[in-house]
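Worksheet: one structure, shown below.
In my numbering, the protein residues as written are 2 to 316.
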């Protein structure tokens, strides 16, 4: 059984961190995220309806941010279990503060895991799933853990080229890091306890700011050559679609999992609106077009330009 999980740390209105969307309006900022959450579940439920789905949040009632849409009813109607979990690891509001909420989510499933042989798969919100997980052979192999190696984002020819989310290149070299992304993490049920115990034994590390720092350290230093760690890289990619940086490939349309961090306010937002207006029906081809993986429709291009201009003028 696959347990598909996404999570969100709802910040206090008067004490927001400086990561993610730089939206001044608290409700609007959370609307963007919750629209991503809805479209994530719509895509996952379409291709993995037999899997169990969960949304973990530090609130379970004050989460209605999408106008004219009942998020709680949506989850109930689609058998998505909402789990309230207060945070132990988001210690203060700073850059990327909420990313540490991943470990609170893992902690919950360690305490409430259903089966040693099940897969517990943790995703970022701005992710689309475009195939059944039955078609990902790595999920059926004897991996205790599967991560997403993002070496190509930070390294060239084995050498660190840029800092890693605020940690210097030299620190990463000295500690022999392999960078892993936080948008995907699969943990086998019988490995949950060891994973979270290992994390608790090293937390906190002063230099580390994000979940990616801890995941990378644990996989690179503590689990390497001791446990079977697989990679999801054949099926997932972090794709940027901005004017300044666009790394879309023709083959991306065939990916089983897409991470689209620059589309929260744009393609994923409009895709969510369209899906909701069409009775929550998910359309893969429309998703690819709206998010710029394939050619964007003209009316979406116009929206994109206008929105970006308005955002720039409002700063």
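Backbone N, C-alpha and C fix where the C-beta goes; we use that ideal spot for every residue, glycine too.
Ordered along the chain, which non-local residues of its own chain (more than five positions away) have a Cβ less than 8 Å from that of residue 311? Translated into the one-based positions of the chain shown, residue 311 becomes position 310. Result list for residue 311: empty, nothing under 8 Å.
Tell me whether residue 77 is buried or exposed, calling it buried when 16 or more other Cβ atoms sit within 10 Å of its Cβ. Translated into positions along the chain shown, residue 77 becomes position 76. By the 10 Å Cβ count, residue 77 comes out exposed.
Residue range of the beta strand (DSSP E) that residue 238 falls in? For the purposes of this step, residue 238 is taken as residue 237 along the chain shown, with counting starting at 1. That run of the beta strand (DSSP E) goes 237–239.
On the criterion of 16 or more Cβ atoms from any shown chain inside 10 Å, does residue 202 qualify as buried, or is it exposed? On the chain shown, residue 202 is found 201 positions in, with the first residue counted as 1. Classification for residue 202: exposed.
Look at residue 107 and residue 196 and say whether their C-beta atoms are less than 8 Å apart. Sequence index remark: in the chain shown, residue 107 carries index 106 (1-based). Sequence index remark: in the chain shown, residue 196 carries index 195 (1-based). Yes.
Since residue 110 contacts residue 193 with CB under 8 Å, what's their CB separation in whole angstroms? Walking along the chain shown from the start, residue 110 turns up at place 109. Walking along the chain shown from the start, residue 193 turns up at place 192. At roughly 6 Å, the Cβ-Cβ gap stays under 8 Å, so residue 110 and residue 193 are in contact.
Looking only at C-alpha atoms, which of 177, 151, 12, 265 sits nearest to residue 234? Translated into positions along the chain shown, residue 234 becomes position 233. The shortest Cα separation from residue 234 among 177, 151, 12, 265 belongs to 151.
Determine the extent of the alpha helix (DSSP H) in which residue 37 is found, giving its start and end residues. Translated into positions along the chain shown, residue 37 becomes position 36. Residue 37 -> alpha helix (DSSP H) spans 27–48.
Length of the line joining the Cα atoms of residue 38 and residue 48: By one-based count along the chain shown, residue 38 stands at place 37. By one-based count along the chain shown, residue 48 stands at place 47. When rounded, the distance between both Cα atoms is 16 Å.
Exposed or buried, residue 207, counting other C-beta atoms within 10 Å across all chains shown (16 or more means buried)? As a first step, residue 207 is located in the chain shown; it is residue number 206 there, counting from the start. Burial call: exposed.
Distance, Cα to Cα, residue 119 vs residue 126? Translated into positions along the chain shown, residue 119 becomes position 118. Translated into positions along the chain shown, residue 126 becomes position 125. Cα to Cα, the separation comes out at about 22 Å.
Between which two residues does the alpha helix (DSSP H) harbouring residue 231 extend? Reading the chain shown from its first residue, position 230 is the one you call residue 231. Residue 231 -> not in any alpha helix (DSSP H); beta strand (DSSP E) instead, spanning 230–232.
Where are the beta strand (DSSP E) runs, 3 residues long or more, that stay fully inside the stretch 65–145, in chain order? 81–85, 120–124, 128–130
Identify the continuous beta strand (DSSP E) that holds residue 260 and give its terminal residues. Here residue 260 refers to the residue found at position 259 of the chain shown. It spans 258–260 - the beta strand (DSSP E) in which residue 260 sits, taken as one unbroken run.
Is the number of C-beta pairs between the stretch 128–139 and the stretch 238–253 that are closer than 8 Å three or more? no
Can you give the beta carbon distance from residue 66 to residue 83, rounded, assuming they're within the 8 Å contact cut? The residue you call residue 66 lines up with position 65 of the chain shown. The residue you call residue 83 lines up with position 82 of the chain shown. Going by Cβ atoms, the distance from residue 66 to residue 83 rounds to 14 Å, so no, they are not a contact pair.
What are the residues that DSSP puts in a beta bridge with residue 54? For the purposes of this step, residue 54 is taken as the residue at position 53 of the chain shown. The partner list for residue 54 (beta bridge, DSSP) reads 5, 81.
Taking only the alpha-carbon atoms, compute the straight-line gap between residue 291 and residue 267 and give it to the nearest angstrom. In the chain shown, the residue the question calls residue 291 occupies position 290. In the chain shown, the residue the question calls residue 267 occupies position 266. Answer to the nearest angstrom: the Cα atoms are 8 Å apart.
Is DSSP giving residue 181 helix, strand or coil here? Locating residue 181 in the chain shown gives position 180, counting from the first residue. Strand at residue 181.
Using DSSP with H/G/I as helix, E/B as strand and the rest coil, what is residue 148? Position 147 of the chain shown, counted from the first residue, corresponds to residue 148. In the structure shown, residue 148 sits in a strand (DSSP, three-state: E or B).
Does DSSP put residue 311 in a helix, in a strand, or in coil? Locating residue 311 in the chain shown gives position 310, counting from the first residue. Three-state DSSP puts residue 311 in a helix.
Output needed for residue 214: all residues of its chain with C-beta closer than 8 Å, excluding positions within five of it in sequence on either side, in chain order. The count along the chain shown starts at 1 and reaches residue 214 at position 213. Cβ within range, chain order: 165, 166, 168, 206, 208.
Express the C-alpha separation of residue 314 and residue 219 in angstroms, rounding to a whole number. Working through the chain shown from its first residue, we reach residue 219 at position 218. Working through the chain shown from its first residue, we reach residue 314 at position 313. Between residue 219 and residue 314, the C-alpha separation is close to 42 Å.
Beta-carbon separation of residue 137 and residue 285 under 8 Å? As a working note, residue 137 is residue 136 in the chain shown. As a working note, residue 285 is residue 284 in the chain shown. Cβ atoms of residue 137 and residue 285: not closer than 8 Å.
Exposed unless 16 or more other CB atoms sit within 10 angstroms - verdict on residue 225: One-based indexing of the chain shown puts residue 225 at position 224. Under this definition residue 225 is an exposed residue.
Specify the secondary structure class of residue 160 as computed by DSSP and reduced to three states. By 1-based counting over the chain shown, the position of residue 160 is 159. If DSSP states are grouped into helix, strand and coil, residue 160 belongs with the strands.
Can you grab the Cα-Cα spacing for the pair residue 181 / residue 156, in whole Å? By 1-based counting over the chain shown, the position of residue 181 is 180. By 1-based counting over the chain shown, the position of residue 156 is 155. Computed Cα separation, rounded: 12 Å.
Please work out which residues of its chain come closer than 6 Å, Cβ to Cβ, to residue 114, disregarding the five sequence neighbours upstream and downstream, and give them in chain order. Stepping through the chain shown from its first residue, residue 114 is reached at position 113. Answer for residue 114: 190, 193, listed in chain order.
Measuring only between beta-carbons, confirm whether residue 58 sits less than 8 Å from chain B. Going by chain labels, chain B is absent from the structure shown, which holds only one protein chain.
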